[in-house]
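> Can you keep this structure in mind? I'll have questions shortly.
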Amino acid sequence: MLKKLILENFMAHGRTEIELGEGLTVLSGPNNAGKSAVVEALRCLATNPTPRHYIRHGAKEARVTAVLEDDVRLTWVRREKYALYEIVRPGQEEPETFAKLGKSGVPEEVAALLRLEPVEVEGPERFIDVHIGNQREPIFLLNKSPSVLASLLASSSEAAHLLAMQQALAARVRESKTREKSVLSRMAGLDAGLAAFTPLPELALRVEEAEAMHRALSVRLSAVPGLARLCASLRGLAARRGEGQGRQKALAGLEAPPAPAQVRPLAALVAARLRLDAARGEARERSGALAGLLRPPELSDTAGVRRALAELARLRGARGKAAVRSRELAELAAPPVLADAAGAARSGAELRRLAARRARLAARMEALAGLGEPPAPAVLAPLAERAAGLSRARAAVARAAAACQRAAAAEKACEARVREALATAGDCPLCGHRLDAATFLGRFGEVSGPAGKNGGGER
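Per our numbering, the very first residue in the sequence shown carries number 1486; after that it's consecutive.
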């Protein structure tokens, strides 16, 4: 059994909740109020029709939710291109969704919950809806052909119940007609009773006229105190008029007074005299107050003072900027002392020259080491000369070896001086990086090569 029906964006309904009672639930209202939409919502929930006109104008989807007696919520959702069903059972957080239903497809789970499926019969009309009626058709099955009735009765295993339902429906129709007659008779009696109240509009009009007269009289009565005061004032004016007339009669025998002289020029002269006296007194007071004062000093040239003030303001601004700059530079470290780069460059050049000379001597010694023994001379004189030359060459080689050793010693001493100078300098004054002796000497030509065949270990 349905407990509640909820319509959201369905035809004319934005959101409507209908609580269904245990017995009969009647929907009443004027035309175009949405009564038929409720029936169509039930039909959509049970049959899943194809049309899209059920979606409210401006909305993206229409929803029809039925709350069953066991608190199961069954929702039919119609969107622009498809429809789906959602089932939420008690205790579930996420709904069971049934989509891809095809044209007018109803899942078996939905049909089992609603139990509103139509009856299938043989004939042109394959399905007959025995649950939801059509408001555009008369009472159920009365406009159907005998073949349709026979097909329905033959297809139903509860034909006796259907006949009983038809008989009960006919009895209810007769009862409704009888009730209609009694209601019409009661309405006639009420109309007769209301006829006694026919003069009420005329009486109401007279009451309104009487109320208007009462309001007018109230306005007039509110003006009575003012009229009384006006009458009293008129009586006082009449008494004063009588007194004036009596005084006029008493003065009628007297002569007219002389014409007064023109007093306006005299009044102007008196006023001017008074203003002059006041100005003279004020001048005397000012003269007495200023008598004891000294003469004001002569004004000096203020252009120089203005220039001095401007220069003072500029100096104050410069001092402020210098103070700010001093505070900002106070945290910086002092710049490093520049090392003697010229001496290092000369030492590097000397190292390169000695290294080149050592390389030449090593190559010469390597070339002489591969020579074989000279052949036995046939003539001793040339051999003696060659021996003398060889002795001289050996002496030259010995001198060259000694020079190489001295050059190596000088190179080591120069390297020691360079390392000491770099250690003293610390960081490079140009780039700020740490001065490394190995990197510096390698950059300026220090190469420790393999030992030659003649024992020379440096080149």
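All C-beta atoms, glycine included, are put in the ideal place defined by N, C-alpha and C.
If you follow the beta strand (DSSP E) that G1543 is in, where does it begin and where does it stop?
As a working note, residue 1543 is residue 58 in the sequence shown. Careful: G1543 lies outside any beta strand (DSSP E) and carries neither H nor E.
> What residue range does the beta strand (DSSP E) around V1809 cover?
One-based indexing of the sequence shown puts residue 1809 at position 324. Premise fails: V1809 lies in the alpha helix (DSSP H), 1788 to 1815, not in any beta strand (DSSP E).
> Who are V1562's beta bridge partners in DSSP?
The sequence position of residue 1562 within the sequence shown is 77, counting from 1. R1548, L1569.
> Can you find at least 3 beta carbon pairs, one from the region 1493 to 1500 and one from the region 1533 to 1552, that sit closer than 8 Å?
The region 1493 to 1500 vs the region 1533 to 1552: in contact.
> Beta strand (DSSP E) containing E1493: first to last residue?
Taking the sequence shown and counting its residues from 1, the one referred to as residue 1493 is at position 8. Per DSSP, E1493 belongs to the beta strand (DSSP E) from 1487 to 1495.
> Is it the case that the region 1505 to 1517 contacts the region 1555 to 1572, given that we only count it when at least three CB pairs across the two stretches are under 8 Å?
Taking 8 Å as the limit for Cβ pairs, the verdict is that the region 1505 to 1517 does not touch the region 1555 to 1572.
> Buried or exposed: where does L1751 fall if 16 or more other Cβ atoms within 10 Å of its Cβ makes it buried?
Within the sequence shown, numbered from 1, the residue matching residue 1751 stands at position 266. Exposed, because fewer than 16 other Cβ atoms sit within 10 Å of the Cβ of L1751.
> Using 10 angstroms around the beta-carbon of C1889, count the other beta-carbons present and answer buried if the total reaches 16, otherwise exposed.
For this step, residue 1889 is matched to residue 404 along the sequence shown. Buried.
> On the criterion of 16 or more Cβ atoms from any shown chain inside 10 Å, does N1517 qualify as buried, or is it exposed?
As a first step, residue 1517 must be located in the sequence shown, where it is residue number 32. Classification for N1517: exposed.
> Report all residues from its chain with a CB closer than 6 Å to the CB of R1528; omit the five preceding and five following residues, and keep chain order.
Sequence index remark: in the sequence shown, residue 1528 carries index 43 (1-based). Cβ within range, chain order: I1617.
> DSSP on E1602, reduced to helix/strand/coil?
Along the sequence shown, read from residue 1 onward, the residue named residue 1602 stands at position 117. Three-state DSSP puts E1602 in coil, outside helix and strand.
> In whole angstroms, what is the alpha-carbon distance linking A1895 and P1867?
The sequence position of residue 1895 within the sequence shown is 410, counting from 1. The sequence position of residue 1867 within the sequence shown is 382, counting from 1. One C-alpha to the other measures close to 41 Å.
> Would the beta-carbon of M1486 fall within 9 Å of that of L1553?
As a working mapping, residue 1486 is identified with position 1 in the sequence shown. As a working mapping, residue 1553 is identified with position 68 in the sequence shown. In contact: M1486 and L1553 (Cβ atoms closer than 9 Å).
> Going by DSSP, what residue range makes up the alpha helix (DSSP H) through E1506?
In the sequence shown, counting from the first residue as 1, residue 1506 sits at position 21. With the sequence shown as reference, residue 1506 is identified as Gly, and Glu is not the correct amino acid for it. First-last for G1506: undefined, no H or E at that position.
> Taking the continuous alpha helix (DSSP H) assigned at E1687, which residues delimit it?
Locating residue 1687 in the sequence shown gives position 202, where the first residue counts as 1. Taken as a continuous stretch (DSSP letters only), the alpha helix (DSSP H) holding E1687 covers 1685 to 1707.
> If the criterion is Cβ atoms closer than 9 Å, does the pair A1526 and L1490 meet it?
The residue given as residue 1526 occupies position 41 in the sequence shown. The residue given as residue 1490 occupies position 5 in the sequence shown. For A1526 and L1490, yes; Cβs fall inside 9 Å.
> Is it buried or exposed, A1584, if we count other Cβ atoms within 10 angstroms and call 16 or more buried?
The residue you call residue 1584 lines up with position 99 of the sequence shown. With fewer than 16 Cβ atoms within 10 Å of its Cβ, A1584 is classed as exposed.
> Sort T1532, P1580, R1537 by Cα distance to G1590 and report the nearest one.
Within the sequence shown, the letter at position 105 stands for residue 1590. If we check each option's Cα against that of G1590, T1532 comes out closest.
> Nearest by alpha-carbon distance to K1897: which of S1661, L1839, V1704, A1717 is it?
Locating residue 1897 in the sequence shown gives position 412, where the first residue counts as 1. For K1897, the nearest C-alpha among the options comes from L1839.
> Measure how close the beta-carbons of E1993 and R1564 come, nearest whole angstrom, since I'm counting them as under 8 Å.
What the structure shows of the chain is the stretch from 1486 to 1944, and residue 1993 is not part of that stretch, so it cannot be assessed.
> Going by DSSP, which residues form a beta bridge with R1758?
Locating residue 1758 in the sequence shown gives position 273, where the first residue counts as 1. In the DSSP output, where bridge partners are listed per residue, R1758 has none listed.
> A1886 and L1846: beta carbons closer than 9 Å?
The sequence position of residue 1886 within the sequence shown is 401, counting from 1. The sequence position of residue 1846 within the sequence shown is 361, counting from 1. A contact, by the Cβ cut-off of 9 Å.
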